[in-house]
Every structure is written in structure tokens, then in C-alpha cells.
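Residue numbers for the sequence shown follow full-length UniProt numbering, beginning at 1 and rising by one. Notes follow once the structure below has been shown.
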Amino acid sequence: MENLFLIRSKVDPRHTCWRTAKFVHLIRKQERRYWRGFIQLLQPQYRRRNMPWITWVEYGQRKGFSLLQVLYSDVDFGYFINAMTADWSSYSQLKETDRGHVVTAYLKELKHSVMDRSRTVVKVALVLLTIISLSYASFHHPIIVPDNIRHVASDRDGSFEYNSTIRLPDVISVTEYYVKIQPYYPAPGIQLDKSRNMTFDGSVVMSVHFKKRTSVITLNAHNLKILELKLTNLLQLPVKVADTKYNNETQQLSIFLAQEPPVGSVLTLSIKYTGLINPYQDGGLFYTFYMDLNREIHWMVATQMESFAARAVFPCMDEPAYKAIFHFDLVYPSKHVALSNMMETEPVDVGGGWSMISFPPTPYMSTYITAFTVGPFVSYSTRNQEGILSRAFGWTGQGSYLKFAAETAAECLHQMKLYTGIDYPINKCDNVGLPQFPAGAMENYGLILYKYQLIPFNEDTMTTLERVEASRVICHEVSHMWYGDLVTAKWWDNLFLNEGFAAYYMRYLMGKTFPDDADFVDSTMLSLDREQALKQDAGPTTHPLIAPDGPYFDKITYKKGSALIRMLSDVMGPEVLQAGVQHHLKSHEYGVASHVDLFASLTDAAYKANVQGWCGPLNVSHLMEPYSHQTSFPLVNVHFDKNGLTLSQETYNGGSFNMNKLGSAHYTCSL
Numbered sequence: 001m002e003n004l005f006l007i008r009s010k011v012d013p014r015h016t017c018w019r020t021a022k023f024v025h026l027i028r029k030q031e032r033r034y035w036r037g038f039i040q041l042l043q044p045q046y047r048r049r050n051m052p053w054i055t056w057v058e059y060g061q062r063k064g065f066s067l068l069q070v071l072y073s074d075v076d077f078g079y080f081i082n083a084m085t086a087d088w089s090s091y092s093q094l095k096e097t098d099r100g101h102v103v104t105a106y107l108k109e110l111k112h113s114v115m116d117r118s119r120t121v122v123k124v125a126l127v128l129l130t131i132i133s134l135s136y137a138s139f140h141h142p143i144i145v146p147d148n149i150r151h152v153a154s155d156r157d158g159s160f161e162y163n164s165t166i167r168l169p170d171v172i173s174v175t176e177y178y179v180k181i182q183p184y185y186p187a188p189g190i191q192l193d194k195s196r197n198m199t200f201d202g203s204v205v206m207s208v209h210f211k212k213r214t215s216v217i218t219l220n221a222h223n224l225k226i227l228e229l230k231l232t233n234l235l236q237l238p239v240k241v242a243d244t245k246y247n248n249e250t251q252q253l254s255i256f257l258a259q260e261p262p263v264g265s266v267l268t269l270s271i272k273y274t275g276l277i278n279p280y281q282d283g284g285l286f287y288t289f290y291m292d293l294n295r296e297i298h299w300m301v302a303t304q305m306e307s308f309a310a311r312a313v314f315p316c317m318d319e320p321a322y323k324a325i326f327h328f329d330l331v332y333p334s335k336h337v338a339l340s341n342m343m344e345t346e347p348v349d350v351g352g353g354w355s356m357i358s359f360p361p362t363p364y365m366s367t368y369i370t371a372f373t374v375g376p377f378v379s380y381s382t383r384n385q386e387g388i389l390s391r392a393f394g395w396t397g398q399g400s401y402l403k404f405a406a407e408t409a410a411e412c413l414h415q416m417k418l419y420t421g422i423d424y425p426i427n428k429c430d431n432v433g434l435p436q437f438p439a440g441a442m443e444n445y446g447l448i449l450y451k452y453q454l455i456p457f458n459e460d461t462m463t464t465l466e467r468v469e470a471s472r473v474i475c476h477e478v479s480h481m482w483y484g485d486l487v488t489a490k491w492w493d494n495l496f497l498n499e500g501f502a503a504y505y506m507r508y509l510m511g512k513t514f515p516d517d518a519d520f521v522d523s524t525m526l527s528l529d530r531e532q533a534l535k536q537d538a539g540p541t542t543h544p545l546i547a548p549d550g551p552y553f554d555k556i557t558y559k560k561g562s563a564l565i566r567m568l569s570d571v572m573g574p575e576v577l578q579a580g581v582q583h584h585l586k587s588h589e590y591g592v593a594s595h596v597d598l599f600a601s602l603t604d605a606a607y608k609a610n611v612q613g614w615c616g617p618l619n620v621s622h623l624m625e626p627y628s629h630q631t632s633f634p635l636v637n638v639h640f641d642k643n644g645l646t647l648s649q650e651t652y653n654g655g656s657f658n659m660n661k662l663g664s665a666h667y668t669c670s671l
């Protein structure tokens with residue numbers, strides 16, 4: 001079958017070889033018993049109008065008859081269902097998957113119960129209706145990220161969850177990394193040694209600066225097999241290494257030097273190693289795939305470094321405060337496309353079906369937003385008013401549906417530049433949809449990765465809700481290029497500085513990018529987000545916004561953080577908030593900051609604008625102290641009697657959970 005792939009659309013009679021109505025008629029006439037049982041399974045989706053159906057585009061010469069050939073054979077349709085729904089997790093999606101497997105049972109029963117011709121007709125209809133139903137479920141988009149992502153590094157002998165309280169000793173720093181990666185996975189045009197499948201070769205060269213007295217270089221590393229390790233000084237002379245040790249519990253590689261270098265000295269550390277390409281749930285360097293209707297699997301690889309998975313791709317100082325410049329070289333299958341944080345250069349053929357791209361150096365950035373991906377991608381490109389290239393990537397068959405994502409990201413980049421007064425520092429912004437991804441999306445500098453449902457968009461057939469969901473995630477991730485990437489939270493206890501701000505400015509960007517939606521975004525969407533934050537804050541899973549045992553990727557961090565920034569905007573005024581944010585970003589660009597730094601910048605802006613609080617000039621630090629360090633929110637009760645009224649305050653518990661963490665306060669006044 002030539003270029004036969006699944007995408008979102010409605011069935012167009014001009015472009016398909018079958019009419020569902022015709023199959024319904026044939027099946028009702030020839031196999032009423034099977035039809036009645038099956039239609040009961042799909043009835044809610046079958047009756048719904050204007051739902052996203054799946055159609056087939058870019059037909060080869062045989063067009064849809066290729067599918068007939070597949071269906072006529074004894075193909076295991078259950079295998080097809082599993083492949084197409086591998087990343088589904090919501091209730092509605094799992095329910096539709098179960099329905100699909102019921103279809104598989106029907107197909108097996110049909111094998112011996114009806115004549116060949118009748119069986120084929122019934123089989124085609126069942127498959128078509130299953131695809132319709134599965135399509136509907138697949139575009140119930142997830143939230144931006146799942147509640148509390150577990151950052152687990154894969155170990156072929158078991159899994160290990162990293163303890164975020166384990167820190168590197170702050171005695172050295174690395175200012176520059178040169179990383180070279182060659183992933184081994186099934187791809188056209190290469191001969192793959194099966195023993196190397198889903199592994200990668202890596203090398204890293206880094207400049208190590210000694211800030212304090214120490215004879216030990218400590219780096220993060222996980223699931224990497226070190227093949228070679230060398231140290232040299234500025235004269236390229238070897239430096240003797242006394243010993244190396246690896247601690248699996250702390251995920252730290254310690255290199256013991258024979259002599260202690262002077263403070264201020266710089267050594268060059270070179271490491272060659274091999275690593276694992278993980279299932280997508282485990283992050284790091286992971287594999288993903290899609291399967292076309294010929295049952296041919298097309299593989300891709302990509303990275304998910306947040307929060308602690310860069311160490312599974314290259315040895316590094318894998319904490320957000322240790323920013324550095326990164327140079328990436330990728331050796332990849334020549335018939336695929338390789339992308340990274342920076343704009344790709346001309347590939348060099350290195351033989352055997354492999355090519356290599358050396359990407360330009362990045363700005364100073366944290367390890368968790370480094371990224372690359374390789375796969376059979378197609379793209380759509382546009383530029384914004386500043387000339388920044390905005391691209392959207394999908395796979396074959398999605399090319400006509402990538403315009404929305406590319407143009408939305410382009411406008412968001414423009415609006416953020418206007419708001420912050422700071423230029424976007426990279427000459428491109430890529431938005432890549434992947435078949436499976438461990439989060440809704442990830443804000444890697446210059447290379448944003450998404451679940452594929454959020455990138456290809458058919459403006460003629462998709463619903464308003466789907467457009468809103470896609471645009472809100474794109475706006476959220478683009479705002480991260482300033483909040484989180486340019487200026488990064490110093491540690492994960494301040495994650496709301498990244499995510500709360502991105503969630504707040506997501507709505508700002510949606511209003512600017514889609515002016516007709518501005519009122520909806522600033523009313524209904526705002527209220528829904530705030531309500532979700534209040535609901536979690538009143539329950540047993542609440543935690544302080546500043547969370548020492550974080551990171552927490554949940555509604556407190558995202559939606560409560562966003563709501564509190566909105567509260568500050570109302571207290572200070574949006575122009576004063578903007579001035580404070582601009583000062584904060586410019587003061588810390590390409591660096592890290594904490595909530596103390598942010599509140600100081602906002603206090604300074606409020607003072608300059610003569611914004612008054614309850615007791616004189618507004619002090620944002622004092623105002624935000626209880627909101628950022630305490631959980632829950634107060635319930636104020638008013639009691640009237642003949643002598644006056646009494647106001648009492650207690651912790652709101654949602655009627656089901658008694659926390660009472662704030663105690664109570666009573667105030668009485670005369671009428």
C-alpha cells in the first residue's frame with residue numbers, strides 16, 4: 001500500500017471507496033445478528049454528529065482496495081488496536097479500546113460462521129466502525145500534563161524512582177558540553193545489529209571548573225555503561241584519576257583525582273559510554289512508533305529530560321541551576337529527519353545509511369530542556385513578524401494539517417516578545433507531535449515535543465473544543481521559552497515559577513492570538529482553572545506552592561500558581577505586573593531565580609508605581625508569604641445576633657476532609 005496512513009478527518013465520499021451506509025444495508029440484510037450486537041457497543045459514538053472520523057489520505061494507485069486485501073486476510077485486528085492505542089490512558093479511551101477488542105472476538109467468530117463474501121463485508125464494516133469509535137476517543141485531549149508525573153529511569157532489571165532531595169555537592173561547575181549520540185533502532189536504509197537494538201552510543205566532553213577545594217568530580221549518570229574516561233588540563237596533558245565509583249541510589253558518578261586541583265582551575269573531562277533507549281513512559285532517550293494500515297511499524301526516538309532524566313542520556317550536572325552551553329552531534333539514519341534545540345545544519349554522510357548533523361551551540365540553559373528527536377517527519381513552516389521560523393512536524397499523511405500549530409506558535413512568540421521586551425534567542429521554534437509521549441507536551445528550548453493529538457489539526461472538521469485544547473497547550477509551551485527556559489526556577493521547590501507563570505500567560509497568549517476567544521478565555525476558562533485549583537487545595541493531596549519535597553506537576557503548581565498571579569495582577573494592576581515581570585526576566589536572563597527574587601522585582605515595580613497595600617506601600621513578599629508557603633484556603637463564617645456580628649475563620653475542607661491547618665480566628669464588631 002502506498003502512503004496509506006491514519007489522520008483525523010471526516011469521511012468524504014469523494015475520497016473513500018466505501019460508504020458506511022452501504023455496509024449498514026448489506027450487513028442488516030445478510031448478518032442481522034452480528035450487526036445488532038455490534039451496533040449496541042458503538043451506539044453512543046455512532047449516533048453522535050460531527051464527531052472526528054478517521055479517513056485515509058494520499059492514496060496510492062490501489063487506494064482503499066489495499067485495506068480490503070488486509071481485511072480479507074486473517075489479520076489479527078487486536079494487534080492493530082493495541083498499536084494504535086498504546087498511549088491511551090483516560091477512562092473514555094480505555095473504554096473504546098475495550099470495545100475494539102470485543103470487535104476482535106466478533107471477527108474470530110465470523111471466521112467460521114458465514115460465507116467468505118458475507119464475512120468480508122461484515123469484517124470491513126466492523127473495522128470501519130471501530131476506527132470511527134476509536135478516533136472519537138483518541139481526541140479527548142489530556143490536560144497539559146498528568147497529575148504528578150513520576151520521573152522514573154528505566155533499568156532492564158527493574159525501575160528506580162529518583163529522590164529529588166539528593167543534590168550534587170556545589171564545588172564544581174560545567175560551562176560547556178559537547179555531546180554526540182548515535183541511536184540504534186529499526187529504520188530504513190541501515191543494517192541494524194539486533195544486539196544493539198534500542199541502545200545508543202554516546203560521548204561527552206565537558207569543561208569542569210573548580211569553584212571550591214575538592215579532589216572529586218561528581219556528576220549525575222544513570223543506566224549508562226562507561227567505556228572510557230579521560231581527564232586533561234588546559235595544556236592537553238593527562239590528569240591522573242585515582243578511582244571512579246557509581247552510586248545507583250544517588251545516581252551519581254564520582255571521579256577521584258590523584259591530586260587536588262587549585263581553586264579556579266579548569267579540566268577537560270571526556271567520557272565514552274553506551275545507554276538504553278527506553279519505553280516512552282520512562283523518559284530519557286525513548287522510542288515511539290506508529291503503525292500504518294499495512295501493519296508496517298515506523299519507529300522514532302525522542303527525549304524527555306524533565307525532571308531528572310538527562311543523566312540517562314549523558315553524564316552531566318543534572319540540576320536546573322547548573323546552566324551551560326550544549327553542542328549536540330547526532331548520527332542518525334539518513335532517511336529520517338533529525339532535530340534538536342538549535343537549527344539543524346547540512347547533514348554529512350558518514351556511510352552505511354547514516355548521516356551526522358552538528359547543531360550550533362545553545363544559549364545557556366538547564367540540562368532538563370535539552371532535547372533531540374529523530375524520525376520520518378514531515379513539516380509545515382512559517383515565520384512571524386520578527387522573522388523567527390516556526391515549524392510543526394508530524395509524520396507522513398499529516399502534512400496538510402500542520403499549519404494551525406505552526407502559525408499559533410509563531411504568533412505566540414511574537415506576543416511574548418512584545419510583552420516581555422526580550423527577544424526570543426533562537427532562530428526557530430519546532431513543535432513536534434509524537435505517537436506516544438510521557439506528558440501532554442514538553443517545553444524544550446527551541447524543540448517543543450507534544451502528544452500527536454495536539455499538533456495536526458483539520459480546520460474544516462475539528463471541533464472548537466479541540467482547537468481550544470490544542471491552542472492552550474501550544475500557548476503554554478511557548479510561554480515557557482521565557483518562563484522556565486530563559487529564566488529557570490533555581491530548584492524544583494519553586495516549580496510554580498515555571499509552570500504557574502506559563503499557565504497564566506497561556507491565557508494571555510490565547511486572548512492575543514485568538515481575539516474572538518478572549519472573553520471566553522478570561523472568564524469561563526479562568527473560572528474553571530481556579531475551581532480546579534481550589535478543589536485540590538481543599539483535599540488531602542494539597543501541598544504548599546513552594547514545595548521542598550517537589551516537584552509536583554499538579555493543579556496546585558499549575559492552576560493555583562496561575563490564579564495567584566492573576567490575583568497579583570488585580571492587586572497591582574496589569575501594567576505594574578508587566579513592569580515587574582520584565583525587570584525580573586531581564587535581571588536573571590540565562591540564569592536561575594527563586595520566588596524571593598520574583599517577589600522582590602514585583603515589590604520594586606509596585607513601589608515605583610506607588611501601589612498601596614493595607615499598611616502603606618505594597619510589599620509583594622509579605623502579601624504572598626502565606627499564599628505560597630501555606631496549604632488550603634480560609635472559610636469565613638458570619639454569625640449575626642442582636643449585639644452585632646461575629647466573623648470566624650477556619651480552613652475550608654470541602655466538606656469531606658478535616659485539615660484545620662490554619663487554626664481559626666474570631667473578630668467581633670458592633671452593628
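Just so you know, even glycine gets a beta-carbon here, dropped at the ideal spot from N, CA and C. Remember, predicted model here, so these are calculated numbers, not experimental data.
Distance between residue j and residue i (C-alpha atoms, nearest Å)
| i | j | result |
| --- | --- | --- |
| Glu-650 | Asn-637 | 8 Å |
| Glu-407 | Lys-512 | 13 Å |
| Tyr-445 | Phe-640 | 57 Å |
| Asp-349 | Lys-335 | 11 Å |
| Tyr-483 | Pro-438 | 21 Å |
| Leu-293 | Ser-254 | 50 Å |
| Val-266 | Phe-326 | 17 Å |
| Gly-283 | Val-241 | 32 Å |
| Pro-238 | Thr-232 | 4 Å |
| Pro-169 | Asp-517 | 49 Å |
| Trp-354 | Leu-486 | 34 Å |
| Thr-362 | Asn-431 | 18 Å |
| Arg-383 | Leu-389 | 5 Å |
| Glu-346 | Ala-533 | 47 Å |
| Ala-321 | Lys-490 | 5 Å |
| Thr-524 | Arg-507 | 11 Å |
| Gln-436 | Ser-307 | 18 Å |
| Ala-258 | Leu-269 | 15 Å |
| Val-301 | Gly-189 | 16 Å |
| Phe-359 | Ile-448 | 16 Å |
Assigned secondary structure, residue i (DSSP; H/G/I helix, E/B strand, else coil)
| i | result |
| --- | --- |
| Thr-408 | helix |
| Gln-536 | helix |
| Thr-622 | The amino acid at residue 622 is misidentified as Thr; the sequence shows His. It is helical. |
| Lys-555 | helix |
| Asp-193 | coil |
| Ala-312 | helix |
| Lys-608 | helix |
| Gly-511 | helix |
| Leu-168 | coil |
Identified DSSP bridge partners for residue i
| i | result |
| --- | --- |
| Lys-428 | Leu-389 |
| Glu-466 | Note: Glu-466 sits in no beta bridge, so no partner. |
| His-639 | Thr-646 |
| Glu-296 | Answer by DSSP bridge pairing: none, since Glu-296 is not bridged. |
| His-629 | The partner list for His-629 (beta bridge, DSSP) is empty, contrary to what the question assumes. |
| Glu-531 | Bridge partners of Glu-531: none, in fact. |
| Trp-395 | Phe-377 |
| Phe-286 | Asn-278, Ala-302 |
Sequence-distant residues of the same chain with beta carbon closer than 6 Å to residue i, five excluded per side
| i | result |
| --- | --- |
| Arg-530 | Ala-563 |
| Leu-503 | The amino acid occupying residue 503 in the given sequence is Ala; Leu does not appear at that position. Contacts found: Tyr-558, Ser-562. |
| Glu-411 | Thr-513 |
| Val-179 | Val-204, Phe-314, Phe-328 |
| Gly-387 | none |
Cβ-based neighbour list, residue i, same chain, cut-off 7 Å, excluding 5 preceding and 5 following
| i | result |
| --- | --- |
| Leu-192 | Tyr-184, Pro-186 |
| Tyr-652 | Ala-538, Ser-632, Phe-633, Pro-634, Leu-635 |
| Ser-569 | Leu-577 |
| Ala-543 | It is His, not Ala, that sits at residue 543 in the sequence shown. The residues are Tyr-552, Ile-556, Thr-631. |
| His-595 | Asn-494, Leu-497, Ile-546, Ser-628 |
Beta-carbon proximity list for residue i, same chain, < 8 Å, skipping 5 on both sides
| i | result |
| --- | --- |
| Leu-454 | His-141, Ala-405, Gly-433, Gly-440, Ala-441, Glu-469, Ala-470, Val-473, Ile-474 |
| Lys-323 | Tyr-364, Met-365, Ser-366, Thr-488, Tyr-590, Gly-591, Val-592 |
| Glu-260 | Arg-213, Thr-214, Ser-215 |
Start-end ranges of the beta strand (DSSP E) lying completely within the stretch 333-393, minimum 3 residues: 337-340, 348-351, 354-358, 372-375, 377-383
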